[in-house]
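Trainee: Those protein sequence lines, which keep their order, are chains A and B.
Take the first sequence: its position 425, counted from the start at 1, is 425 in UniProt numbering, and no numbers get skipped.
Take the second sequence: its position 196, counted from the start at 1, is 196 in UniProt numbering, and no numbers get skipped.
There are 2 protein chains.
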Amino acid sequence: MDSRTGLPVVGMVGGGQLARMTHQASIALGQSLRVLALTPEDGAALVAADVRYGDHTDLAALRTFAKGCDVVTFDHEHVPNEHVQALATEGVAVYPGAEALLYAQDKRAMRERLSALAPMPAWQPVTLPEDVVEFGDRVGWPVVLKAARGGYDGRGVWVVSDAREAAEQTALLIEGGTELIVEERVALRRELAVQVARSPFGQVAAYPVVETVQRDGICVEVLAPAPALPEALALRAQQLAIDIANALGVVGMLAVELFEVDAVGPRTGRASEVDAVGPRTGQASEVDAVGPRAGGVDGAGETGGGPRLVVNELAMRPHNSGHWTIEGARTSQFEQHLRAVLDYPMGDTALTAPAVAMANVLGGPEGGMSIDERLHHLFAEDPGVKVHLYGKQVRPGRKIGHVTVLGDDMDEVRARAERAARWLREGK
Amino acid sequence: MDSRTGLPVVGMVGGGQLARMTHQASIALGQSLRVLALTPEDGAALVAADVRYGDHTDLAALRTFAKGCDVVTFDHEHVPNEHVQALATEGVAVYPGAEALLYAQDKRAMRERLSALAPMPAWQPVTLPEDVVEFGDRVGWPVVLKAARGGYDGRGVWVVSDAREAAEQTALLIEGGTELIVEERVALRRELAVQVARSPFGQVAAYPVVETVQRDGICVEVLAPAPALPEALALRAQQLAIDIANALGVVGMLAVELFEVDAVGPRTGRASEVDAVGPRTGQASEVDAVGPRAGGVDGAGETGGGPRLVVNELAMRPHNSGHWTIEGARTSQFEQHLRAVLDYPMGDTALTAPAVAMANVLGGPEGGMSIDERLHHLFAEDPGVKVHLYGKQVRPGRKIGHVTVLGDDMDEVRARAERAARWLREGK
Ligand SMILES: Nc1ncnc2c1ncn2[C@@H]1O[C@H](COP(=O)(O)OP(=O)(O)O)[C@@H](O)[C@H]1O
Ligand SMILES: Nc1ncnc2c1ncn2[C@@H]1O[C@H](COP(=O)(O)OP(=O)(O)O)[C@@H](O)[C@H]1O
Ligand SMILES: [Mg+2]
Ligand SMILES: [Mg+2]
Numbered sequence: 001m002d003s004r005t006g007l008p009v010v011g012m013v014g015g016g017q018l019a020r021m022t023h024q025a026s027i028a029l030g031q032s033l034r035v036l037a038l039t040p041e042d043g044a045a046l047v048a049a050d051v052r053y054g055d056h057t058d059l060a061a062l063r064t065f066a067k068g069c070d071v072v073t074f075d076h077e078h079v080p081n082e083h084v085q086a087l088a089t090e091g092v093a094v095y096p097g098a099e100a101l102l103y104a105q106d107k108r109a110m111r112e113r114l115s116a117l118a119p120m121p122a123w124q125p126v127t128l129p130e131d132v133v134e135f136g137d138r139v140g141w142p143v144v145l146k147a148a149r150g151g152y153d154g155r156g157v158w159v160v161s162d163a164r165e166a167a168e169q170t171a172l173l174i175e176g177g178t179e180l181i182v183e184e185r186v187a188l189r190r191e192l193a194v195q196v197a198r199s200p201f202g203q204v205a206a207y208p209v210v211e212t213v214q215r216d217g218i219c220v221e222v223l224a225p226a227p228a229l230p231e232a233l234a235l236r237a238q239q240l241a242i243d244i245a246n247a248l249g250v251v252g253m254l255a256v257e258l259f260e261v262d263a264v265g266p267r268t269g270r271a272s273e274v275d276a277v278g279p280r281t282g283q284a285s286e287v288d289a290v291g292p293r294a295g296g297v298d299g300a301g302e303t304g305g306g307p308r309l310v311v312n313e314l315a316m317r318p319h320n321s322g323h324w325t326i327e328g329a330r331t332s333q334f335e336q337h338l339r340a341v342l343d344y345p346m347g348d349t350a351l352t353a354p355a356v357a358m359a360n361v362l363g364g365p366e367g368g369m370s371i372d373e374r375l376h377h378l379f380a381e382d383p384g385v386k387v388h389l390y391g392k393q394v395r396p397g398r399k400i401g402h403v404t405v406l407g408d409d410m411d412e413v414r415a416r417a418e419r420a421a422r423w424l425r426e427g428k
Numbered sequence: 001m002d003s004r005t006g007l008p009v010v011g012m013v014g015g016g017q018l019a020r021m022t023h024q025a026s027i028a029l030g031q032s033l034r035v036l037a038l039t040p041e042d043g044a045a046l047v048a049a050d051v052r053y054g055d056h057t058d059l060a061a062l063r064t065f066a067k068g069c070d071v072v073t074f075d076h077e078h079v080p081n082e083h084v085q086a087l088a089t090e091g092v093a094v095y096p097g098a099e100a101l102l103y104a105q106d107k108r109a110m111r112e113r114l115s116a117l118a119p120m121p122a123w124q125p126v127t128l129p130e131d132v133v134e135f136g137d138r139v140g141w142p143v144v145l146k147a148a149r150g151g152y153d154g155r156g157v158w159v160v161s162d163a164r165e166a167a168e169q170t171a172l173l174i175e176g177g178t179e180l181i182v183e184e185r186v187a188l189r190r191e192l193a194v195q196v197a198r199s200p201f202g203q204v205a206a207y208p209v210v211e212t213v214q215r216d217g218i219c220v221e222v223l224a225p226a227p228a229l230p231e232a233l234a235l236r237a238q239q240l241a242i243d244i245a246n247a248l249g250v251v252g253m254l255a256v257e258l259f260e261v262d263a264v265g266p267r268t269g270r271a272s273e274v275d276a277v278g279p280r281t282g283q284a285s286e287v288d289a290v291g292p293r294a295g296g297v298d299g300a301g302e303t304g305g306g307p308r309l310v311v312n313e314l315a316m317r318p319h320n321s322g323h324w325t326i327e328g329a330r331t332s333q334f335e336q337h338l339r340a341v342l343d344y345p346m347g348d349t350a351l352t353a354p355a356v357a358m359a360n361v362l363g364g365p366e367g368g369m370s371i372d373e374r375l376h377h378l379f380a381e382d383p384g385v386k387v388h389l390y391g392k393q394v395r396p397g398r399k400i401g402h403v404t405v406l407g408d409d410m411d412e413v414r415a416r417a418e419r420a421a422r423w424l425r426e427g428k
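Structure (structure tokens):
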């Protein structure tokens, strides 16, 4: 407890923009986030009053940090799971706990665990290059090769086109010590995400389902609510996330990344073959009793012509797909994460406007106007855009901030958000 | 400039809740507010990364603080005006500047300066107790005695009922060295406030007019927009604030506190006498040409039966009457203040919901539930209420935070805000 305020102390491991924005939210709750940063230039270290330094892979540093925190939580998933376990064993309240966090850290463990809970793409663990070749020959090329751990923003995801490329790429990665899984390349209509927050008490609150737009594996835009999403599908997505949060015992924010796919289509047609032979489908009959069928895209619940959902991956922290909630939802994901880990009742997740668009600001080419000058121009052009800068040095491709626009019409707010992000990136 | 971010550094003198919430807003702009606080327990010192310590009445401390700031601004108006002048002379960009700030610091100077600009209550400077007696006998009892400088939250405001009380109270205050003015006690229908932001470039943006509800001289509630305010009166209030901001050369947020009064009524009837004899009315004819007539309540513009406005006082910083803007306006007053002092274009001031109610949370009686437990209960009861705690130790009557509720119906959001504030204050 902070003796000055009489309120509990939340410590966040990692000093990036998520910690930065969580600190911002903590101020309203009477708090001041304690941050474990790597350097004084970390986004959160630039703005938080209570910053400690240390490496998140160093158990001693984590132990020291946890002292005097009432709760420890995370800005990223790169803390070794055994360290999280060790802290918990020593009595630290760590949220999410190691058992839950594992499924945000390890895509192989996640795919195995969720096979009984949620529809997923056909997939397989990889031991040898031949596994990938055999998988691709069976489900169809190209396939998606993924590092089980440590990937983000598409780093750790490779699309391989044919058997030759698969054999080469896989051999290289295995040699480099990367543990891999392989997935069918889903013929996705679009990507969606749904966030829920869950408290230790067990309360779960779900946010509206959003559409996420990726470019080169990086999320560049989020539209809330997901345009033209059938109500039934939105409810299914929320229920899926709630079920996952409960089954895994997540505490804090959980983001479930989803693919929206056609019920019938060329890939799906192939995927049904997979059902017959894939390793996961053996469990499908017990799964049927508790929810949608697992294993292969076309195992995603009811049959028929409508779109369906498959789970891509999980994140257990505030997530890029929820930045829109700062202005666009009654309770931001950052406040909600704090409320959850503090075991406060969850806040209202309702939208504050009919249409909300968020666009990430990536660092543009060097030179040209300073970020300060760009801000001037942007504010002059669109007084309604909300800007969030992370205090980072601009480097090409680096996420240096995001913008959010609210309004009545999705096309309009989306165009404004894109324009604003481009301005900040390119100064034109 | 902050070499780590390439953005200018804003320094705020004073470490209270206004600096705390301004820091919060600065984070989104890529900034981190530099704060001059008195103690590490100051609300802003608890949450800001860059806190310096020193007394705001000490010119040397102000000079040291200003070094490395691109702009210096204020959390309160207690910095001696000559110190603000001195800093400006030495090349510091201080916003608002000393000439403007004076009118938020000194009620006598403000009344004199605004006499040609805005309708005001009948008033008079006080040199001797007899001045007050004579004024009261002329305009009617009771009258309002005010400290010209240093008052806030009603400290520095005394209602005196009759000649005897006036003579006694005034003698005491004069003896204590307090410079005084005396005003007619306005028969106010209600209190309003209007905020504008003005940049050095000269851009001015006005917020919707709000109703402020005071109890014992302290603002306890703010309703945005002011319920049932005729459009013409709202426009007049905004125009008045814009004119004042321009005339005084304000930079940053300006709050104009207003009284809404009947055009005709017992006090107003008396006030017309004042017009004939009061010291300010001599200027009324030149005033007529530029705007509403000055001097006395019934000099507030058009005649007729409708309500009219008189100016109570000015504040040149984020203000309690604008806390609702954090969630209730597209741009919060804290972001707007930063944009103004940074000479960025102003942000959109539109409401984000049809009805917004803000209630201050005052410290309640000692004992009972901790603030943490109260938060739990409040969040369980009303997931939609937005809480802002200032990190202060609870002391009876002290402003320890505020709550904001948004919705479609003013009666409903007001009741919820009141209930939430009472919960946090009393734990019941
Ligand atoms: N099986 C798949 N089929 C099609 N596209 C995929 C598949 N897996 C990933 N992707 C694409 O790659 C992006 C990044 O993959 P993801 O597993 O989410 O990695 P990261 O951890 O880097 O976010 C996804 O958002 C999606 O656009
Ligand atoms: N002339 C007046 N007539 C009636 N009420 C007044 C008058 N002046 C002040 N008040 C009341 O006292 C409150 C505080 O006065 P104000 O001058 O605003 O002092 P402070 O600087 O403490 O805010 C006002 O909000 C209003 O309720
Ligand atoms: Mg992903
Ligand atoms: Mg006042």
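For glycine and all other residues, C-beta sits at the position ideal for the given N, C-alpha and C.
To the nearest angstrom, how far is the alpha carbon of A:T349 from that of A:R330?
Mentor: Whole-angstrom Cα-Cα distance: 6 Å.
Trainee: Identify which residue in B:Y390, B:L389 and B:L375 has its Cα closest to the Cα of B:P383.
Mentor: Ranking the options by Cα distance to B:P383, first place goes to B:L375.
Trainee: For the alpha helix (DSSP H) holding B:F65, just list the boundary residues, first then last.
Mentor: L59 to A66
Trainee: Taking just the CA atoms, how far does B:A28 sit from A:T404?
Mentor: 11 Å
Trainee: Within the segment 369–415 of chain B, note down every full alpha helix (DSSP H) run reaching 4 residues or more, in order along the chain.
Mentor: 371–381
Trainee: Checking contacts by CB at 8 Å: is B:A421 closer than that to chain A?
Mentor: no
Trainee: Going along the chain, which residues of its own chain have a beta-carbon closer than 8 Å to the beta-carbon of B:R425, five neighbours each way excluded?
Mentor: V361, L362, G363 and G364
Trainee: List the residues of chain A that B:R339 touches, going by C-beta distances under 8 Å, in chain order.
Mentor: F379
Trainee: Looking at the unbroken alpha helix (DSSP H) that takes in B:Y103, where does it start and where does it end?
Mentor: First-last of the alpha helix (DSSP H) with B:Y103: A98 to Q105.
Trainee: I want to see whether chain B comes within less than 8 Å of A:I27, judged by CB atoms only; does it?
Mentor: Judged by the 8 Å Cβ criterion, A:I27 is in contact with chain B.
Trainee: Within 10 angstroms of its Cβ, does B:P121 collect 16 or more other Cβ (buried), or is it exposed?
Mentor: With at least 16 other beta carbons inside 10 angstroms of its own, B:P121 counts as buried.
Trainee: For the segment 57–76 of chain B and the segment 109–126 of chain B, state whether three or more C-beta atom pairs, one from each stretch, are separated by less than 8 Å.
Mentor: no
Trainee: Taking three-plus beta-carbon pairs below 8 Å as touching, is the segment 254–263 of chain A in contact with the segment 185–201 of chain A?
Mentor: Touching, yes.
Trainee: Show which residues of chain B have a CB atom less than 8 Å away from the CB atom of A:P396.
Mentor: Within 8 Å Cβ-Cβ: nothing; A:P396 doesn't reach chain B, min ~16 Å.
Trainee: Alpha helix (DSSP H) containing B:Q239: first to last residue?
Mentor: E231 to L248
Trainee: List the endpoints of the continuous beta strand (DSSP E) containing B:V251.
Mentor: Taken as a continuous stretch (DSSP letters only), B:V251 belongs to no beta strand (DSSP E), as it is neither H nor E.
Trainee: Let's test the definition: count the other Cβ atoms within 10 Å of the Cβ of A:Q195 and tell me whether it reaches 16, buried, or not, exposed.
Mentor: With 16 or more other Cβ atoms within 10 Å, it is buried.
Trainee: Mind pulling the beta strand (DSSP E) runs of 3 or more residues that sit fully within the segment 167–222 of chain A?
Mentor: Annotation note: the segment 167–222 of chain A contains the following uninterrupted beta strand (DSSP E) runs of length 3 or greater, listed N- to C-terminal: 180–184, 188–198, 204–206 and 210–215.
Trainee: Is A:Q31 helix, strand or coil by DSSP?
Mentor: coil
Trainee: Cβ-heavy atom distance between B:N81 and ligand 4 below 7 Å?
Mentor: no
Trainee: Cutting at 7 Å between CB atoms, please list the residues of its own chain near A:Q105, excluding the five before and the five after it.
Mentor: E77, N81 and R149
Trainee: Return yes when the C-beta of A:P125 is under 7 Å from any heavy atom of ligand 1, and no when it is not.
Mentor: Annotation for A:P125 indicates a beta carbon at 7 Å or more from all heavy atoms of ligand 1.
Trainee: By the criterion of Cβ-Cβ separation under 9 Å, what are the contact partners of A:Q333 in chain B?
Mentor: Near A:Q333 there are no residues of chain B at all, since even the closest Cβ is about 15 Å away, more than 9 Å.
Trainee: Name, please, each residue of chain C whose Cβ falls closer than 7 Å to the Cβ of B:R330.
Mentor: Of the chains in the structure shown, none is chain C; the protein chains are A and B.
Trainee: Under 7 Å: does the beta carbon of A:E211 sit that close to some heavy atom of ligand 3?
Mentor: no
Trainee: Do the segment 213–233 of chain B and the segment 161–171 of chain B touch if we need at least three Cβ pairs shorter than 8 Å?
Mentor: no
Trainee: If you measure beta-carbon to beta-carbon, which residues of the segment 3–36 of chain A are closer than 7 Å to chain B?
Mentor: Residues passing the 7 Å Cβ filter: R4, T5, G6, L7, P8, R20, Q24, I27, A28, L29, G30 and S32.
Trainee: Beta carbon of A:N360: closer than 7 Å to some heavy atom of ligand 3?
Mentor: no
Trainee: Would B:L375 pass as an interface residue toward chain A - the criterion being a Cβ-Cβ separation below 8 Å?
Mentor: yes
Trainee: Which residues end up in the neighbourhood of ligand 4 when you take C-beta atoms closer than 7 Å to any of its heavy atoms?
Mentor: B:E257, B:N312 and B:E313
Trainee: Counting only beta-carbon atoms, is B:E184 nearer than 8 Å to chain A?
Mentor: no
Trainee: Given that B:A348 touches chain A, what residues does it touch there, using C-beta distances under 9 Å?
Mentor: Checking the displayed sequence, the identity of residue 348 of chain B turns out to be Asp instead of Ala. Going along chain A in sequence order, the residues near B:D348 (Cβ under 9 Å) are D382, P383, G384 and V385.
Trainee: Classify A:G295 as buried or exposed, calling it buried when 16 or more other Cβ atoms lie within 10 Å of its own Cβ.
Mentor: Its pLDDT being 39, under 50, A:G295 is placed unreliably in this model, and the coordinates cannot settle the point.
Trainee: Measuring CA to CA, which of B:A421, B:M410 and B:G156 is closest to B:K386?
Mentor: B:A421
Trainee: Keeping to the same chain, check which residues put their C-beta closer than 6 Å to that of A:A226; ignore five residues upstream and five downstream.
Mentor: Its chain contains L192, V209, V210 and E211 as the residues whose beta carbon lies nearer than 6 Å to that of A:A226, once the 5 sequence neighbours on both sides are disregarded; these appear in chain order.
Trainee: Beta-carbon of A:E302 versus every beta-carbon of chain B: anything under 8 Å?
Mentor: Low confidence applies here, because A:E302 scores a pLDDT of 45, under 50, leaving its location unreliable; read the following figure in that light. Closer than 8 Å: no.
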